[in-house]
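Under this note's numbering, residues 4 to 311 are what the sequence shown spells out, in order. Quick notes on the structure that follows.
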Amino acid sequence: MDISIVIPLYNESESVKLFGDQLNAGLSKTGKSFEIIFVDDGSKDNTFVELKNLKQRISHVKIVKLRTNQGKSTAYNAGFEYCKGDYVITMDGDLQDDPSDIPRIIKKIEEGYDVVIGWKHGGKGSLSRTIPSICFNLLVSLFTGLKIHDVNCPFRIFKRHALKNIYLYGELYRFIPVLLYRRGYRIAEVPVKNNPRRFGRSKYGISRFMKGVLDLVTLLFLSHYTDRPLHLFGFGGILLLMTGFCLDTFLALRGLFVTGKIGHQSALLLGVFLMIVGIQFISIGLLGELLINRLKSDNKDYNVEEIL
């Protein structure tokens, strides 16, 4: 199998027939073997019925139906598990991603990249969507070092072996390019069309931007401190411990040699409190190191590109 298309769907019954026909027509022109995997993420409308009707007409269609709505990350995991293509393409099923762009991203990945991300450089819509998107992508570029314009674009193509090295949960599907970039995969981007949504309502806006910022904090923590939690908790712990120790030492020396009594009681208690909290932070970091050591002792944590 040359190409697998993975499309998560949630309450997109009105789009299924039209998008499936467009996708099948576009892929048939590539001259490559392909499969189209729709993941019904517990839709509450007639999405699954429309998918079954589509499958009766198009033999390349596969359907993975989840019992409940579990989120886009889980839907991607399910789709990736059942795909067989050498290349895996992800798209949204709301008709905003244009199948006519598929040959262009295939051509780009065949230049030697592991991942190619679509860049929806036009047609973002209202300012309530455009401004949060620009700000979010600037933050991602600043904190991760990955210089692409549209990290959250769902139109992507991967070499299948790259997807074996990630597991998605929560909202981490937004950061698939960042996760792969951190593991050394070669990433490029190409401009793609952004068609207006024809059915339903957009889920993007200011609230999604705030959730994205929180997810970025999670990603940075996982990227930098998963294997070394003591570096995070230990630094803060040592800072608090030394601050408390220096404060109480100053009060003690001042009391012994100047005033004849150990300073202000609240300041003394503050120093003791800071030392206790500092020790707790260091202890949390050490416990984290013990857990990481036990978990990784039997697992390989390296990513081999090739063996000659």
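Positions of the beta carbon are idealized from the N, C-alpha and C atoms, including for glycine.
query, result
"Backbone secondary structure at Asp43 - three-state DSSP", "strand"
"Beta-bridge partners of Leu12, as assigned by DSSP", "Asp43"
"Check whether Leu217 and Tyr228 have beta carbons under 8 Å apart", "no"
"Thr71 versus Tyr13 - alpha carbon distance", "10 Å"
"Within 8 Å, strictly: CB atoms of Arg159 and Ile92", "yes"
"Beta strand (DSSP E) segment containing Leu69, residue limits", "Val64 to Leu69"
"Whole-Å CB distance - Phe146 paired with Leu223, under 8 Å assumed", "6 Å"
"Cut-off 6 Å between Cβ atoms - residues of its own chain near Phe83, not counting five sequence neighbours on either side", "Leu166"
"Start and end residues, alpha helix (DSSP H) containing Lys110", "Ile105 to Ile112"
"Meets three-Cβ-pair contact criterion under 8 Å: the segment 281-299 and the segment 239-250", "yes"
"Distance between Ile134 and His152 (C-alpha atoms, nearest Å)", "13 Å"
"Contact between the segment 137-146 and the segment 48-67 (3+ Cβ pairs under 8 Å)", "no"
"Inter-residue spacing [alpha-carbon to alpha-carbon] between Ile287 and Ile241", "12 Å"
"Pro180 classed as buried or exposed, judged by whether at least 16 other C-beta atoms fall within 10 angstroms", "buried"
"Beta-carbon proximity list for Ile285, same chain, < 6 Å, skipping 5 on both sides", "Gly237 and Gly240"
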